[in-house]
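Position 41 (the sequence shown) corresponds to 49 in this note's numbering; numbering is contiguous. Backbone N, C-alpha and C fix where the C-beta goes; we use that ideal spot for every residue, glycine too. Beneath this line is the structure, given in structure tokens, with notes to follow.
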Amino acid sequence: MTSLQAVRLASRLAVLYLLFWVMSDLISLPREILGVYVALKYPGLSTTGTFYVRGQLLTLASNVLEIGMWSALALWFYQCGPRIQRFFAIEDTVDSEDTPTISD
């Protein structure tokens, strides 16, 4: 396996991991939307009032932001650009000019 293939494999494994988190956040999204709906429609159910509504809205907003960030990061890793290749790549050769030599 060449170095480029290993880097591509590592980046694709990172994409799978990130897509797992996207799916996890997408599964909880309907529950959070329902929580915001109930908090707005029935404000008398909660004893804390607007604090509860703001908490539900912040939870929903943070979940949507996480989905966007994980998706963008997964797309970036899937494209496997030069930065990612440099991050994961292992130097195969060392320049002989840069390495000091011991002379007798």
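Between the segment 70-85 and the segment 19-35 there are three or more inter-stretch CB-CB distances shorter than 8 Å, so the stretches are counted as touching.
Our two residues, Val15 and Gly52, have alpha carbons roughly 55 Å apart in a direct line. Excluding residues up to 5 positions away in sequence, Leu26 lie with their Cβ nearer than 7 Å to the Cβ of Leu81 in the same chain.
Inter-segment contact for the segment 32-39 and the segment 58-66 is absent: fewer than three beta-carbon pairs are separated by less than 8 Å. Pairing Lys49 with Glu74, the inter-Cα distance amounts to about 26 Å.
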